[in-house]
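Everything in the sequence shown is counted per the working numbering, starting at 978 for the first residue and increasing by one. Even for Gly, the Cβ is constructed at its ideal location relative to N, Cα and C. What follows is a single structure, written as structure tokens, with notes after it.
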Amino acid sequence: MRNDNFNLDALVIRIRNTTSRKLKEELLRNAFSTQEIPYVEAWIKRLEEEERIAPVTLYHRRKAPDGKIFKAFEVPTLEKKGWLDSPDKFKKGIISKIRNLIKRIIKSLWTFWLRHWPILLPIIVAFFGILVKLFIYLDSKATTKAQQEKNETKNKIDIIHTTPK
978 MRNDNFNLDA LVIRIRNTTS RKLKEELLRN AFSTQEIPYV EAWIKRLEEE ERIAPVTLYH
1038 RRKAPDGKIF KAFEVPTLEK KGWLDSPDKF KKGIISKIRN LIKRIIKSLW TFWLRHWPIL
1098 LPIIVAFFGI LVKLFIYLDS KATTKAQQEK NETKNKIDII HTTPK
């Protein structure tokens, strides 16, 4: 009697930690004794019902991007309607691919900057200083040239007005 209880306890532990599919496979391989088969078959029926009504989270791009809980038996019909078991399985459009590419580029530039900013900062400041100096120089040249053209035009006008007719 004691040995039978021990065997039954061992069977309960063994079948509790598995799925109905695995138990069916073990039944087909004759992994259970004839005394254990009725218990296993009853447990399989119970497991199948639990698995059938178990909650499953599915995701839909428009209807439920954060997920919605359904019964397991509803899953096959919902999968045909575009529901997925993971938001990672959504087909990525060109916009999201470009967005991810830009994010990766910005992240790599930021990590590069954090690593090398003591070297890069003086180079950038010097570059902008040279640009400002160049713009000032070009602006003064343009201003000088414009002033010369203005003076020449004024002289031509003066010459036209002062010449006798």
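To the nearest angstrom, how far is it from the Cα of residue i to the Cα of residue j?
i: PRO1032; j: ARG991; result: 24 Å
i: MET978; j: GLU1013; result: Unreliable positioning characterises MET978 in this predicted model, as indicated by a pLDDT of 45, which lies under 50. The coordinate reading is nonetheless provided below. When rounded, the distance between both Cα atoms is 15 Å.
i: LEU985; j: PRO1015; result: 12 Å
i: ALA1123; j: LEU1115; result: 12 Å
i: LEU1004; j: ILE1082; result: 55 Å
i: THR1054; j: SER1073; result: 28 Å
i: SER1085; j: ARG1038; result: 29 Å
i: ASP1062; j: ILE1046; result: 10 Å
i: LYS1022; j: ALA1049; result: 16 Å
i: THR1120; j: GLY1106; result: 21 Å
i: GLY1070; j: ARG1076; result: 10 Å
Counting only the same chain and skipping the five closest in sequence on each side, list residues whose C-beta sits under 8 Å from that of residue i.
i: GLY1044; result: THR1034, LEU1035, TYR1036 and PRO1064
i: THR996; result: LEU1024 and GLU1028
May I ask which residues mark the beginning and end of the beta strand (DSSP E) holding residue i?
i: LEU1035; result: 1032-1037
i: LYS1045; result: 1041-1048
By a C-beta neighbour count over all protein chains shown, 10 Å radius and 16 as the cutoff for buried, is residue i buried or exposed?
i: TRP1087; result: exposed
i: LEU1024; result: buried
i: LEU1097; result: exposed
i: LEU1000; result: buried
i: TRP960; result: Here the chain has residues from 978 to 1142 only, and residue 960 is not among them.
For residue i, which residues in the same chain have their Cβ closer than 6 Å to its Cβ, ignoring the five residues on either side in sequence?
i: TRP1020; result: ILE992
i: PHE1089; result: none
i: VAL1052; result: VAL1033
i: LYS1057; result: none
How far does the alpha helix (DSSP H) with residue i in it extend, from its first residue to its last?
i: PRO1053; result: 1052-1057
i: LYS1001; result: 997-1005
For residue i, which residues from the same chain have a beta carbon less than 7 Å from its beta carbon, with the 5 sequence-adjacent residues on both sides left out?
i: LYS1068; result: none
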